[in-house]
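There are 2 protein chains.
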Amino acid sequence: MSFEVKDKDLLGRIGKLRTKNGLLETPAFMPVVNPLLQTISPRRMKREFGCEVIITNSYIIKSHFGELPGLELHRFLDYDGVIFTDSGAYQILIYGEVGVTQPEIIGFQKSINTDVGVILDIPTGWDEPRSRVEYTVRETLRRAKEALPLISDSDILWVGPVQGGRHLDLVAYSAQKIAEMPYDIHALGSPTEVMERYNYPVLVDMVMTAKKNLPLERPLHLFGAGHPMMFALAVAMGCDLFDSAAYTLYAKDMRYITSRGTVQLQNLQYLPCSCPVCRSITSQDLKELPKGERQSLVAEHNLHVTMAEMEIVKQAITEGTLWDLVEARAKSHPQMTSAFKKLADYKEELEQANPGFKGHGVFYYDYNSLAKPQVTRYKKQVLSNYAGSQGREVLLLFRAPEYKPFNHYPGFLNVKRKLKQTLNMVEICFFVAPYGVVPELLSETYPLSQFELAEPIDHETTKFTVKNVLDYIKAAKYSKVILIIGYGDLDAMLEDALNSMEVDLRVIKTDSIWSDETVSRISEAYTG
Amino acid sequence: MSFEVKDKDLLGRIGKLRTKNGLLETPAFMPVVNPLLQTISPRRMKREFGCEVIITNSYIIKSHFGELPGLELHRFLDYDGVIFTDSGAYQILIYGEVGVTQPEIIGFQKSINTDVGVILDIPTGWDEPRSRVEYTVRETLRRAKEALPLISDSDILWVGPVQGGRHLDLVAYSAQKIAEMPYDIHALGSPTEVMERYNYPVLVDMVMTAKKNLPLERPLHLFGAGHPMMFALAVAMGCDLFDSAAYTLYAKDMRYITSRGTVQLQNLQYLPCSCPVCRSITSQDLKELPKGERQSLVAEHNLHVTMAEMEIVKQAITEGTLWDLVEARAKSHPQMTSAFKKLADYKEELEQANPGFKGHGVFYYDYNSLAKPQVTRYKKQVLSNYAGSQGREVLLLFRAPEYKPFNHYPGFLNVKRKLKQTLNMVEICFFVAPYGVVPELLSETYPLSQFELAEPIDHETTKFTVKNVLDYIKAAKYSKVILIIGYGDLDAMLEDALNSMEVDLRVIKTDSIWSDETVSRISEAYTG
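From first to last, the protein sequence lines stand for chains A and B.
For what it's worth, this note's numbering labels the leading residue of the first sequence as 1291, then goes sequentially.
For what it's worth, this note's numbering labels the leading residue of the second sequence as 1291, then goes sequentially.
The structure is reproduced here in structure tokens:
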């Protein structure tokens, strides 16, 4: 197996890809290196920018230098890191066809000693009729199969692309079929156009569909994705490799990349960045440089900020805070927010992939945080392992105190001591947003013992919490519920909702939940 | 006047403060320079980090070097930028008192040629009884008055501090009274402890209370505030100057600052930053350096990221996107989110201060964006200038098309053409989230012509929009409302709400709003 996962968060992972030129850590961004023209040399990319992998186009190299005897890719580009090559498929997307056959371009990639090669797939474009999309899927699969004997003898890693564009059924089919073939890496075709239209919600559906139908143990390359703004989101969905020429193409148009978007250099009165370029010059001086020099510096800045964002993403994976980063980056653009909301549709997949406790408490900012895997997992576990497990007939449901863990709160301990006689007949739980019902003993375990919620909570969070409480009570089948609440919105909405359930409900509404008076009201409610 | 505002966004501004040592651009972060021990020399701070201003402690200098003849601050620190001096007030907060009188420390600040000095105020601590807080307010004001004759003859700018801590009535009083005295700069005392407790919502109330009671034309210094995470929020509230020793104090404890929080170096597997330090070393190598060197590099990183965040904030002001930055940074911690929600309580103040169109469309991410000044301002203007202004009896209220401007949408133009005969009797408007009612002609003006809203919208946004529609209809006093809606949540909630108003309501519910059928249903509703 050429790929090993070292750490995980959501569907994102830190992995090691074994290539014949050494181990490559993922997620990784590969700057596209134009073999004909380089703003930043590959040697500098590795030394000054930390680029351990680059991608170049074997088709262009073949067209211009194919006749050179003994052409070796690493020497040719003066780069000793890992090199991916593209096959000319992108040129097919742009020009309709290329003057090379698949056996030729595979043979050429082998001959120049690339580390990772790709078959000559047929990319799915954006505004294509379904019949054309079907063709790109079918033909890519046919070529992938045709390529197998050609690539089986090499120590190169080979990429098997997934097509289908925004036709999710075709993406699923394409992924299932390519997954059956012995490719080392998969790639999702051509989201470039989706991203140029800021159509990030569609991208979420495309990537998640591909991901669900591909083997988790193979890395996934998101073709042509290079804006740092979407790295966190794409990695969270399980993308491992990214490539783009944006750093240099944008520089040509004097477009300055940030982790929150793109700005025209002329609109920058400041350089909103800590990179070595931006710390060594003012925006005014940068704008006044000769065009070539200015373009180089913008490209360097763009590459710095792109590489740094991937480090930010990797650090978040190790901390288990990738969701929080995605949530922050979702504020870059309304379409990024929409994409992030769309990600919540896949909360089951995220929960299944997500590892356990990493030493960090869980943060809830607003309803957008409700799809965090810790909430999804907690609900599953509490319903299947706890609801009704004690066989008690009566539920004593307290509004959770501010103190954590809830069951160590002195006020609670006091009430519990005074309730002693009734205690072995009732089940004691707390309710709290966003989890719902928290059995006493679970309140001292992760994530209940370590979470923070921004106040005040919103309508969606209140509703979500009430539903969680109801689901627990239904599952546990109590004959009586004694609800101890205050005067908040959540308390009121919960009382309303429980009132319409078929259960003997006793409500103790008080502004001193942890008082002796509450104890006697509970005893009354219990015996009455 | 020593302070001139160059650009504005929310209550934030880019200003030029005229000091005797040259112009200082604000908002500015001032690293605290310890006169006894420097991790990064002031000279390097200016050259490599872009620090045009620093702050040091005149009390410590006086204690250690007060006897040196001819001591000149800029030569002493080897720094040719602007220097602020503190007076020993912080030492009063920590040690209870200092061995210096106000005339002595003011005289000393004058003698060493500081650029900006401060009186010997009495800081308000955190856990103090109200009587003590009242004392700090009273005594600071007494000293501020006492200082006036001492400072009137100097070309130094003088800072008049505001005390009161979390007692907002005392903050307001303190601000009103100090505002009456001829100080050049004001400062809000001691939010350090508030920030150490992550009590950001309280900080919002403190700053906004001070700001409302201070003259806008004087800069506001937030004492001891130095974490880049809160710069955007604090600047949005109108803070202009920040100082902190966090960059170096945190480095001593190997704490690594980011714009999203603080991480222990030992917990960093990557360096999530693009600064020159982090781009030139790996986290592994950094951790293995000798302690002194490691501490220096962490301090340098901390200062880089702090300085860069201020550039990010300033660029956002020029773009008019400061709110969006605050919204993104609010995802750093639930307490930052709570503070941001608290900021919405001051939406009137933000709207009043906010400038007009800056060439950028307005983005709405979720209900947290509803307090943006563009929404507040639009509602005021549409209610006072448009509602009922045409004297029409009948309102034709269309669900807005996706197309912008709404009134250029071909479907709308077609319906309008066919409705010709009835047109001079009705007022045509659209409804759209989050603005509410949009009169036809306003739909081609800012911000209606240029905004984007993340879909799907949440409950709070729907409710907010419905309320805006109702307020408009109430203000305009129509006798009949013809509502043309589709089947969305907003449509349904709006229909419900209008149903309970006292108006002749005709609802046309359709999935083809812009069809000929709609035209004939409108004519029926109009005449019927």
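We put the beta carbon where it would ideally sit given N, CA and C, even for glycine.
Exercise. Are the region 1365 to 1373 of chain B and the region 1410 to 1417 of chain B touching by the rule of at least three beta carbon pairs closer than 8 angstroms?
Worked result: no
For this session: Answer with yes or no whether the minimum CB distance from A/Asp-1575 to chain B is below 9 angstroms.
Result: Residue numbering aside, residue 1575 of chain A sits at position 285 when the first sequence is read from its first letter. Not one chain B Cβ lies under 9 angstroms of A/Asp-1575.
For this session: List the DSSP bridge partners of A/Asp-1297.
Result: Residue numbering aside, residue 1297 of chain A sits at position 7 when the first sequence is read from its first letter. Note: A/Asp-1297 sits in a beta bridge opposite A/Ile-1304.
Exercise. Measuring CB to CB, does A/Leu-1447 end up less than 9 angstroms from A/Ser-1348?
Worked result: As a first step, residue 1447 of chain A is located in the first sequence; it is residue number 157 there, counting from the start. As a first step, residue 1348 of chain A is located in the first sequence; it is residue number 58 there, counting from the start. Result no, Cβ atoms of A/Leu-1447 and A/Ser-1348 do not sit closer than 9 angstroms.
Exercise. Taking DSSP as the reference, what is the three-state secondary structure of A/Leu-1458?
Worked result: Here the question's residue 1458 of chain A lines up with position 168 in the first sequence. Under the three-state reduction of DSSP, A/Leu-1458 is assigned to helix.
For this session: Taking only runs that begin and end inside the region 1427 to 1456 of chain B, name each unbroken beta strand (DSSP E) of 3 or more residues, in chain order.
Result: Complete beta strand (DSSP E) runs here, min 3: 1447 to 1452.
Exercise. Of all Cβ atoms in chain B, is any one closer than 9 angstroms to the Cβ of A/Val-1553?
Worked result: As a first step, residue 1553 of chain A is located in the first sequence; it is residue number 263 there, counting from the start. Answer yes: the Cβ-Cβ gap between A/Val-1553 and chain B drops below 9 angstroms somewhere.
Problem set entry | chain B contact for A/Thr-1627 (CB, 9 angstroms cutoff) | Taking the first sequence and counting its residues from 1, the one referred to as residue 1627 of chain A is at position 337. True, the Cβ-Cβ gap to chain B drops below 9 angstroms.
Exercise. With which residues is A/Tyr-1654 paired in a DSSP beta bridge?
Worked result: Here residue 1654 of chain A refers to the residue found at position 364 when the first sequence is read from its first residue. Beta-bridge pairing by DSSP links A/Tyr-1654 to A/Leu-1743.
Exercise. Residues of chain B with CB under 9 angstroms from A/Ser-1739, in chain order?
Worked result: For the purposes of this step, residue 1739 of chain A is taken as residue 449 along the first sequence, with counting starting at 1. Going along chain B, no residue has its Cβ under 9 angstroms from A/Ser-1739, so there is no contact; the nearest lies around 16 angstroms.
Exercise. For the beta strand (DSSP E) that B/Asn-1347 lies in, which residues bound it at each end?
Worked result: Looking up residue 1347 of chain B in the second sequence gives position 57. 1343 to 1347 is the extent of the beta strand (DSSP E) around B/Asn-1347.
For this session: Take B/Pro-1695 and list the residues in its own chain whose beta-carbon comes closer than 6 angstroms to its own, dropping the five residues that flank it on each side.
Result: Position 405 of the second sequence holds residue 1695 of chain B. The beta carbon of B/Pro-1695 sits closer than 6 angstroms to the beta carbons of Ser-1733, Glu-1734 and Ser-1739 from its chain, once the five residues preceding and following it are set aside; these are given in chain order.
Problem set entry | Exposure of A/Thr-1817, with buried meaning 16 or more beta-carbon neighbours within 10 Å | Counting from one through the first sequence, the residue named residue 1817 of chain A turns up at place 527. The residue in question, A/Thr-1817, is exposed, as its Cβ has fewer than 16 Cβ neighbours within 10 Å.
Exercise. Could you give the residue range of the beta strand (DSSP E) that holds B/Tyr-1511?
Worked result: Mapped onto the second sequence, residue 1511 of chain B falls at position 221. For the sequence presented, residue 1511 of chain B should be read as His rather than Tyr. B/His-1511 -> beta strand (DSSP E) spans 1510 to 1512.
Exercise. Under three-state DSSP, which class holds B/Tyr-1762?
Worked result: On the second sequence, residue 1762 of chain B is found 472 positions in, with the first residue counted as 1. Three-state DSSP puts B/Tyr-1762 in a helix.
Problem set entry | Residue-chain proximity (B/Asp-1801, chain A), Cβ-Cβ < 9 angstroms | Translated into the one-based positions of the second sequence, residue 1801 of chain B becomes position 511. Chain A, which has no Cβ nearer than 9 angstroms to the Cβ of B/Asp-1801, makes this no.
Exercise. In the DSSP assignment, what are the bridge partners of B/Gly-1407?
Worked result: Looking up residue 1407 of chain B in the second sequence gives position 117. DSSP lists B/Trp-1448 as partners of B/Gly-1407.
For this session: Return the CA-CA distance between A/Leu-1784 and A/Asn-1675, expressed in angstroms with no decimal places.
Result: Here residue 1784 of chain A is taken as the residue at index 494 of the first sequence, counted from 1. Here residue 1675 of chain A is taken as the residue at index 385 of the first sequence, counted from 1. So the alpha carbons of these two residues sit roughly 23 angstroms apart.
Problem set entry | Segment contact, 8 angstroms Cβ cut-off, at least three pairs: the region 1631 to 1640 of chain A with the region 1330 to 1340 of chain A | At 8 angstroms Cβ cutoff, the stretches do not touch.
Exercise. Got a sec? Which residues, its chain only, sit under 7 angstroms from B/Pro-1518 by beta carbon, not counting five neighbours each side?
Worked result: What you label residue 1518 of chain B is simply residue 228 of the second sequence in a count that begins at 1. Excluding residues within five positions, the ones whose Cβ falls inside 7 angstroms are Ile-1547, Ser-1549, Val-1595, Thr-1596 and Glu-1599.
Exercise. What three-state label does DSSP hand A/Asp-1686 in the structure shown?
Worked result: Stepping through the first sequence from its first residue, residue 1686 of chain A is reached at position 396. The sequence given here places Leu at residue 1686 of chain A; Asp does not occur at that position. In the structure shown, A/Leu-1686 sits in a strand (DSSP, three-state: E or B).
Problem set entry | A/Ile-1402 - DSSP class collapsed to helix/strand/coil | Here residue 1402 of chain A refers to the residue found at position 112 when the first sequence is read from its first residue. The answer is coil: DSSP assigns A/Ile-1402 none of H, G, I, E or B.
Problem set entry | Distance, A/Asp-1297 Cα to A/Ala-1434 Cα | Here residue 1434 of chain A refers to the residue found at position 144 of the first sequence. Here residue 1297 of chain A refers to the residue found at position 7 of the first sequence. Distance between the alpha carbons of A/Ala-1434 and A/Asp-1297: 31 angstroms.
For this session: Using the Cα positions of B/Leu-1615 and B/Phe-1688, report the straight-line distance between them to the nearest angstrom.
Result: Taking the second sequence and counting its residues from 1, the one referred to as residue 1615 of chain B is at position 325. Taking the second sequence and counting its residues from 1, the one referred to as residue 1688 of chain B is at position 398. When rounded, the distance between both Cα atoms is 33 angstroms.
For this session: Might you give, ordered along the chain, the residues of its own chain that have their beta carbon closer than 6 angstroms to the beta carbon of B/Ile-1351, omitting 5 neighbours on each side?
Result: Position 61 of the second sequence, counted from the first residue, corresponds to residue 1351 of chain B. Cβ neighbours of B/Ile-1351 beyond the five flanking positions: Pro-1325.
For this session: Below 7 angstroms CB to CB, which residues in the same chain sit around B/Tyr-1705 once its five sequence neighbours on both sides are set aside?
Result: Walking along the second sequence from the start, residue 1705 of chain B turns up at place 415. Looking at the sequence itself, residue 1705 of chain B is Val, so the reference to Tyr does not match. The answer, listed in chain order, is Trp-1804, Thr-1808 and Val-1809.
For this session: Please check if any C-beta of chain A sits within less than 9 angstroms of the C-beta of B/Ile-1763.
Result: Position 473 of the second sequence holds residue 1763 of chain B. No, B/Ile-1763 does not count as interfacial toward chain A.
Exercise. CA-CA distance, B/Ile-1812 and B/Glu-1683?
Worked result: In the second sequence, residue 1812 of chain B corresponds to position 522, counting from 1. In the second sequence, residue 1683 of chain B corresponds to position 393, counting from 1. Distance from the CA atom of B/Ile-1812 to the CA atom of B/Glu-1683, rounded to whole angstroms, is 15 angstroms.
Exercise. B/Ser-1401 to B/Asn-1311, Cα distance in whole Å?
Worked result: Here residue 1401 of chain B corresponds to residue number 111 of the second sequence, with the count starting at 1. Here residue 1311 of chain B corresponds to residue number 21 of the second sequence, with the count starting at 1. Here the alpha carbons of B/Asn-1311 and B/Ser-1401 stand approximately 15 angstroms from one another.
Problem set entry | Touching by the beta-carbon criterion (3+ pairs, under 8 angstroms), the region 1719 to 1729 of chain A and the region 1741 to 1754 of chain A | yes
For this session: Measure from the C-beta of A/Gln-1605 to each C-beta in chain B and report whether the shortest distance is under 9 angstroms.
Result: For the purposes of this step, residue 1605 of chain A is taken as the residue at position 315 of the first sequence. Yes, contact with chain B.
For this session: List the residues of chain B that A/Phe-1721 touches, going by C-beta distances under 7 angstroms, in chain order.
Result: One-based indexing of the first sequence puts residue 1721 of chain A at position 431. Ordered by position in chain B, no residue passes the 7 angstroms Cβ test against A/Phe-1721, which lies about 19 angstroms from the chain.
Problem set entry | Spatially closest choice to B/Gln-1642 from B/Gly-1528, B/Val-1449 and B/Cys-1719, by CA coordinates | Indexing the second sequence from 1 puts residue 1642 of chain B at position 352. Minimum Cα distance to B/Gln-1642 is reached at B/Gly-1528.
Problem set entry | Nearest to B/Asp-1495 (by Cα), restricted to the options B/Leu-1460, B/Arg-1508, B/His-1476 and B/Arg-1420 | One-based indexing of the second sequence puts residue 1495 of chain B at position 205. Nearest C-alpha to B/Asp-1495: B/Leu-1460.
For this session: Name, please, each residue of chain A whose Cβ falls closer than 8 angstroms to the Cβ of B/Gln-1559.
Result: Within the second sequence, the letter at position 269 stands for residue 1559 of chain B. In chain order: Lys-1604, Gln-1605 and Thr-1608.
Problem set entry | Segments of 3+ residues assigned as beta strand (DSSP E) that fall wholly inside the region 1665 to 1730 of chain B | 1684 to 1689, 1716 to 1722 and 1726 to 1729
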